[in-house]
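Notes for the one structure printed next.
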Amino acid sequence: MIRTALLLPVLAGLGAGSARATQDTVVVGVGGELSALLFDSVHVPIFADLRKASGAKLGSYTVRVTWNPNILIYYGHRSGAFAEALVRTDSAYLGVLWATAISAAGRDSVADLLRLKLLADSADVDTVRVAATELSAAGSLADLLATTAVTYQSGAFCPALGRWGDLDKDKAANSRDALAILSNLVGIEVGASFNLAMGDVDGDGKVNSRDALIILSYAVGIDIPGQRVLLVAGGLCSSGSVPEVVVVPDTVDLVVNQTVRLIALTRDATGQLVARSGLHWEIGDPRLGVVEGDGFLTAREPGTTVVTASLGPGVRAQAPVIVRARRPVWMVDAARAQRNPVQLGTSRWPFSTPQRAFRLVSEGDTIRVAPGVHDYEDCGYYEDCAYYDYYDDRLYAGAVIIGDTSADGTRPVLRARELDYHYGFYWSDGLRGEIRNLVLRGFSTAVYVNGLHTLVLDNVRIEEPRTYYGYGIYAQRMDSLRVDRSEFLSDSLRNSYYGVYLADGARFASVRRSRFTNWGNWAILAYDVDSLDVSESEFLRNYYGVQFGTASNPSVSAHLSRNRFIDHAVNAVYGWGVATLAMDHNYILQKQNYPLRVYGTSELIGAPPLGAPAQRAPAAAVSGTRFTSQGDSIQFRASGYEWLNAQDFDSLLIDSLWLESARDTAIAQYSYLEANVARITNSRLLNLYTEGIDFYGQVLTVDNSEFTGCAQPTCTWSNGYAIQARAAYPDSGPVLTVNNSRFWNLSYAVWAATTGDSAGPMHLGGNTMDSVSYGFYLASDSVVAQDNVLRKVRLYGIYAQPSFSNRAFKPVVALRNQITCALTSSTSYGIRSDYAPGWFEDNGVTDCEWGLSGYNASPYPLADFTARRNAIATDTTSAVTSYGVRPDGRWRPALYGNRVKNGAYGFYLTTSDTAAMKVDSNAVSGTRSAGVYISASVPVTGVRNNVTNNLLDGILNFGTGARSFRRGRFVGNARYAVNSSPVFDAQQNWWGDTLGVAGASADTVFGNVDVSNHLTDDPADVPPALAAPVLAPAVVQPWTAEASATSPVPVAEPNAADREQRLAERAARQREAAADREARRRMAEEEMARLLRHWAERREQARRRPPQ
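No gaps in the numbering here: position 164 of the sequence shown is 229 in the working numbering, and each next residue is one more.
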């Protein structure tokens, strides 16, 4: 509380001008004159004098003070100007007291350590003694007990003799006392009831008629200056001189309702100023203020007057009093204030702490804090606490509290002890409060707001070094908060609560260019805030980063821009009841739990509002809620958690996201994106082991984005979903678009399932993939996949099936896709469409065991299977049966202009319906078993087909349906061009010889095959055979996790050892296949030689047969 530096002037007469001793000396002692009437109190100052200690400053002390408890009784203490003292008083009733204090800045000259208040309980004399058990120098930390000569000065106490002029001890000086003096002078006995020694009121050593006149003048109201009527007559240990009274401050400058304890000093016969108690105080104009007690002056109204301090009728002093309506600028300077006897908040008499100004400021006032450390104060046992209510350290008006920074930028420090549970600033009312250029250290709550409209923090550092359940800012019932260039620091164990806590709503909150570190709960918690803006700030190792929300309908709008969130225990960002959340260019490093959890409403998406029809309009439940992310970066290390959990939004827009999991560690990362409409563009999701995007909603669009699996040995293409999409119950969907994106080393690149009674349409265009098990795996009523490049596909390049609703299935359209399968032991499919109509055009499929395929069966309807101008080079190394084009079941195949090479079968036609099949203008070559395999009871027709160089049969036909293949080309088929037991129309074809099948170089047929009307020239209108494999262009390998989002540098494919093993296995399979092909070639050559001999024999027999 008030730490009036009374001892500095008191001790000024201890010999400031004396010469230094040969050895450094420190004096620790008791100051003042200790004399009091029985049952009156006496003030006992304890000091340390370092004026002969070679410039040393006292940094800390521990002293033991003793007295006789039978004579003096402990009645309280007050810390001196040196520092707040920790005092042990449990033995004070025995006359022993311990005190200790520290000051980092230190004090030189005479240090005011402590002031005791003792009560005279006996008329005996006593000695108050002090001894130091520890004295340390500030800065050097030298032990002054060891390095200097420490002497101790005791204080002698003696009982006062009485009061001057009060001879009969009736506590009055009147004509009775004057008469006693006169009677004694003329020899009249006055008796023992009169102490004639108390009659020397003028201090000349005599008791005579002059003294009687002074006493009688006082009795009738005539003041005689310089006399000591009714002053306490000190005992033998005091000087007994007539004191000179000095009032401090010399000018009392107050505002209305301000209280100050005025100090009265008196100069004794030796010239020393000593503090005196028991003065009488008066104010000239009682309307302006009231003075009471031991000099407590409280201002009431503006104006000017004087205050008078009187030790007696002849010993008094006055000081002018100025009372102002307000003081625009209040000054705080602890270093100066602790050397001053009083504090007014003016530039001459500054406050030691801003606490003293809190109840006095008016709206718009400024409190200026000087450089240095300013310790907050607690109320002690002295009367100066009477005007300072510790439990009402509040501001009732908006004010600017600003620190005066040093030249190097060091800010003033406001400091509190943790055990005191101080508030730094507690606002209960006001329009606008500002805190600037300060450090707030050790407060249980640095800033508490409950009624202030607007609060601004700028360049403020809040430190909670040890506080349990502490707050940086706790604000409620306010309009707006703005924090800029500030730091909120808690201890490394995260013992505190919140950095910024906004409760009960605020219209607007802004945090910019600030830092939050080690907070035990939320760095920022904004509850029921209409608008929140957090930008260019850093959040380090808090339990939560930023949380905002409301329990009411979605109403919170938040903007998070260019922030850094590092290693939070739970969530970096958590919001609920969010109307709009816009994030841009934030960086998040998350090692545990969820980086982002945000909710548009508290309901499941798709749930209709009360009273709405069952078939509601889209987005009705979430009322336009919106989440956007632009240029955000997330380093994700929290295995088993979701990198983004965003639910109940109408729209979700993500652009230029950079998500990176550990490249060399298998981290199970998930996501949950729930929105009516979501769009993800220009983003990179790297090193995925489980999920990239897991979407629940109506419409999802992904464009120009990259998805890669991790590179750890267990991160094979059996792990990881890049994109998963489905609708959120009870909605149907989704509509899916994935364009211009890149996928690498994943199990599923794009997986979409049906929710409700429908899904789609789905469009997939311009994507590239490398090393995936499933490229596109879709359940949709309508699919268009075009211009995609898929390389090293293990299982399915494109797979689609309908949603199985009661509506007619729509086509699966695959256009201009290039698919290359990996040479593994698994059965691989290039493009497959089940049940729904398929339209495959201008696709290239290489090294897959099934090129184009589909399955359809009852009860699903007959469907078209159309393949046009596709180029298919099936796997030549597979030990299982492979197919170029295979529609199974209830299809209406129409195959036009396709070129198929290699595999067991080129076209494998086994439909089970009555629809005719058309095979026109196709080329098939290099198959092991048959270029065209037919097993169906429906008509099959073909024209202009090029069936060449198949290792066994060109066409192998079973079934009873009509067969007609005309105007085609059958050349180089090793066994039969057409092998058909049923009737087969093979007229008008080119067999490799002008003589038809009878020619020496012609292909042959077997069975019931009509080869009449053969072409005599090789037709020019059939498509050429596929000359070389249709390899998909190489896909650029993913960039390293360490590369920046704009780095164009590719790296080599990971898993080199695994790749070498796969190549070795492939080489072994190729050797086995080569041996098999060689055996088949020899068999074909032998069969061809046999056929040639057979036809030669038949020609020779025909030549020799006589004409009929």
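Cβ coordinates follow ideal geometry from the N, Cα and C atoms, glycine included.
Subject >> Proximity of Gly124 and Gly171 at Cβ, strictly below 8 Å >> reply: By one-based count along the sequence shown, residue 124 stands at place 59. By one-based count along the sequence shown, residue 171 stands at place 106. Yes, the pair counts as a contact, with Cβ atoms nearer than the cut-off.
Original post:
Closest by CA to Trp816, which one among Asp822, Val848, Ile387 and Asp796?
Top reply: The residue given as residue 816 occupies position 751 in the sequence shown. Nearest to Trp816 by C-alpha distance, out of Asp822, Val848, Ile387 and Asp796, is Val848.
Original post:
Given Ile732, which residues of its chain have a CB within under 6 Å of its CB, disregarding the five upstream and five downstream residues?
Top reply: Here the question's residue 732 lines up with position 667 in the sequence shown. Cβ within range, chain order: Ser704, Ser726 and Tyr754.
Subject >> Run of the alpha helix (DSSP H) containing Ser274, from where it starts to where it stops >> reply: In the sequence shown, the residue the question calls residue 274 occupies position 209. First-last of the alpha helix (DSSP H) with Ser274: Ser274 to Ala284.
Subject >> Contained beta strand (DSSP E) runs [length at least 3] in the region 938–995, N- to C-terminal order >> reply: Listed in chain order, the complete beta strand (DSSP E) runs (minimum 3 residues) inside the region 938–995 are 948–954, 956–961, 964–966, 970–976, 982–985 and 988–990.
Original post:
Counting pairs of Cβ atoms below 8 Å between the region 523–537 and the region 507–515, do you hit three or more?
Top reply: Three or more Cβ pairs drawn from the region 523–537 and the region 507–515 lie within less than 8 Å of each other, which places the two stretches in contact.
Original post:
Do the CB positions of Ala790 and Leu750 come within less than 8 Å of each other?
Top reply: Walking along the sequence shown from the start, residue 790 turns up at place 725. Walking along the sequence shown from the start, residue 750 turns up at place 685. The answer is no: Cβ separation not under 8 Å.
Original post:
Whole alpha helix (DSSP H) runs in the region 324–403 with 4 or more residues, listed along the chain?
Top reply: Complete alpha helix (DSSP H) runs here, min 4: 399–402.
Subject >> Leu162 in three-state terms, based on DSSP >> reply: In the sequence shown, counting from the first residue as 1, residue 162 sits at position 97. Strand at Leu162.
**OP:** Quick one: give me the first and last residue of the alpha helix (DSSP H) that Thr693 is part of.
**Re:** As a first step, residue 693 is located in the sequence shown; it is residue number 628 there, counting from the start. Careful: Thr693 lies outside any alpha helix (DSSP H), inside the beta strand (DSSP E) at Arg691 to Gln695.
Original post:
I think Leu137 touches Phe222, with their Cβ atoms under 8 Å apart; what is that distance to the nearest whole Å?
Top reply: On the sequence shown, position 72 is the one that residue 137 refers to. On the sequence shown, position 157 is the one that residue 222 refers to. Indeed they touch by this definition, with Cβ atoms about 6 Å apart.
**OP:** Tell me where the beta strand (DSSP E) around Gln218 begins and ends.
**Re:** Position 153 of the sequence shown holds residue 218. Under the DSSP assignment, Gln218 falls in the beta strand (DSSP E) whose first and last residues are Ala214 to Gln218.
Original post:
Just how far apart, CA to CA, sit Ile589 and Gly570?
Top reply: Taking the sequence shown and counting its residues from 1, the one referred to as residue 589 is at position 524. Taking the sequence shown and counting its residues from 1, the one referred to as residue 570 is at position 505. If you draw a straight line from the Cα of Ile589 to the Cα of Gly570, it is about 14 Å long.
Original post:
If you draw a straight line from the alpha carbon of Pro310 to that of Ala284, how long is it in whole angstroms?
Top reply: Indexing the sequence shown from 1 puts residue 310 at position 245. Indexing the sequence shown from 1 puts residue 284 at position 219. The sequence shown places Val at residue 310, rather than the Pro named in the question. Straight-line Cα distance between these residues: approximately 22 Å.
Original post:
Are the region 144–154 and the region 171–190 touching, with three or more C-beta to C-beta distances below 8 Å?
Top reply: Counting Cβ pairs under 8 Å, three or more are found: they touch.
Original post:
Does the Cβ of Asp759 have 16 or more other Cβ atoms within 10 Å, making it buried, or fewer, making it exposed?
Top reply: The count along the sequence shown starts at 1 and reaches residue 759 at position 694. Here Asp759 is buried, its C-beta having at least 16 other C-beta atoms within 10 Å.
Subject >> Reduced DSSP secondary structure (H/G/I, E/B, other) of Asn1010 >> reply: The residue you call residue 1010 lines up with position 945 of the sequence shown. Three-state result, Asn1010: coil.
Original post:
So what does DSSP say about Val1087, is it helix, strand or coil?
Top reply: Your numbering for residue 1087 matches position 1022 in the sequence shown. Here Val1087 sits in coil by DSSP.
Subject >> Cross-strand partners of Tyr566 (DSSP beta bridge) >> reply: Position 501 of the sequence shown, counted from the start, is the residue given in the question as residue 566. Beta-bridge analysis with DSSP links Tyr566 to Tyr539 and Leu590.
**OP:** Please list, in chain order, all residues of the same chain as Ala901 whose beta carbon is under 6 Å from its beta carbon, the five residues on each side excluded.
**Re:** The sequence position of residue 901 within the sequence shown is 836, counting from 1. Pro867, Phe874 and Val877.
**OP:** Mind checking who Gln789 pairs with in its DSSP beta bridge?
**Re:** Against the sequence shown, residue 789 aligns to sequence position 724. In the DSSP output, where bridge partners are listed per residue, Gln789 has Asp759 and Trp816.
Subject >> Where Ile884 falls: helix, strand or coil (DSSP) >> reply: Position 819 of the sequence shown, counted from the start, is the residue given in the question as residue 884. Reduced to three states, the DSSP call for Ile884 is strand.
Original post:
If you follow the beta strand (DSSP E) that Leu522 is part of, which residue opens it and which one closes it?
Top reply: Taking the sequence shown and counting its residues from 1, one reaches residue 522 at position 457. Counting along the chain, Leu522 sits inside the beta strand (DSSP E) bounded by residues Thr519 to Glu529.
Original post:
Does the beta-carbon of Ile287 have 16 or more other beta-carbons within 10 angstroms, so that it is buried, or is it exposed?
Top reply: By 1-based counting over the sequence shown, the position of residue 287 is 222. So Ile287 counts as exposed.
Original post:
So which of Glu739, Trp132 and Tyr652 has the shortest CA-CA distance to Arg691?
Top reply: The residue you call residue 691 lines up with position 626 of the sequence shown. Checked all of Glu739, Trp132 and Tyr652; the closest Cα to Arg691 is Glu739.
Original post:
Whole beta strand (DSSP E) runs in the region 728–756 with 3 or more residues, listed along the chain?
Top reply: Whole beta strand (DSSP E) segments, 3+ residues: 734–746 and 749–753.
**OP:** Could you name the residues that DSSP lists as bridge partners for Ile653?
**Re:** Along the sequence shown, read from residue 1 onward, the residue named residue 653 stands at position 588. Note: Ile653 sits in a beta bridge opposite Phe630 and Ile699.
Original post:
Grouping DSSP H, G and I as helix and E and B as strand, with all else coil, what is Leu801?
Top reply: Taking the sequence shown and counting its residues from 1, one reaches residue 801 at position 736. Reduced to three states, the DSSP call for Leu801 is strand.
Original post:
In three-state terms, what does DSSP make of Ala932?
Top reply: In the sequence shown, counting from the first residue as 1, residue 932 sits at position 867. Reduced to three states, the DSSP call for Ala932 is strand.
Original post:
Between the C-alpha atoms of Ser144 and Phe604, what's the straight-line distance to the nearest angstrom?
Top reply: In the sequence shown, residue 144 corresponds to position 79, counting from 1. In the sequence shown, residue 604 corresponds to position 539, counting from 1. So the two alpha carbons sit approximately 41 Å from each other.
**OP:** Using 10 angstroms around the beta-carbon of Ala472, count the other beta-carbons present and answer buried if the total reaches 16, otherwise exposed.
**Re:** Within the sequence shown, the letter at position 407 stands for residue 472. The residue is exposed, with fewer than 16 neighbouring Cβ atoms inside 10 Å.
Subject >> Alpha-carbon to alpha-carbon, Leu115 and Val251 >> reply: Along the sequence shown, read from residue 1 onward, the residue named residue 251 stands at position 186. Along the sequence shown, read from residue 1 onward, the residue named residue 115 stands at position 50. Distance between the alpha carbons of Val251 and Leu115 is about 56 Å.
Original post:
For the alpha helix (DSSP H) that contains Ala243, what are its first and last residues?
Top reply: As a first step, residue 243 must be located in the sequence shown, where it is residue number 178. DSSP places Ala243 in the uninterrupted alpha helix (DSSP H) bounded by Ser240 to Leu250.
Original post:
Since Ala711 is in the beta strand (DSSP E), which residue starts that stretch and which ends it?
Top reply: To locate residue 711, count along the sequence shown from 1; it is residue 646. Residue range Tyr706 to Asp720 is occupied by the beta strand (DSSP E) that includes Ala711.
Original post:
What did DSSP end up calling Phe423 once you bin it into helix, strand or coil?
Top reply: Sequence index remark: in the sequence shown, residue 423 carries index 358 (1-based). Here Phe423 sits in helix by DSSP.
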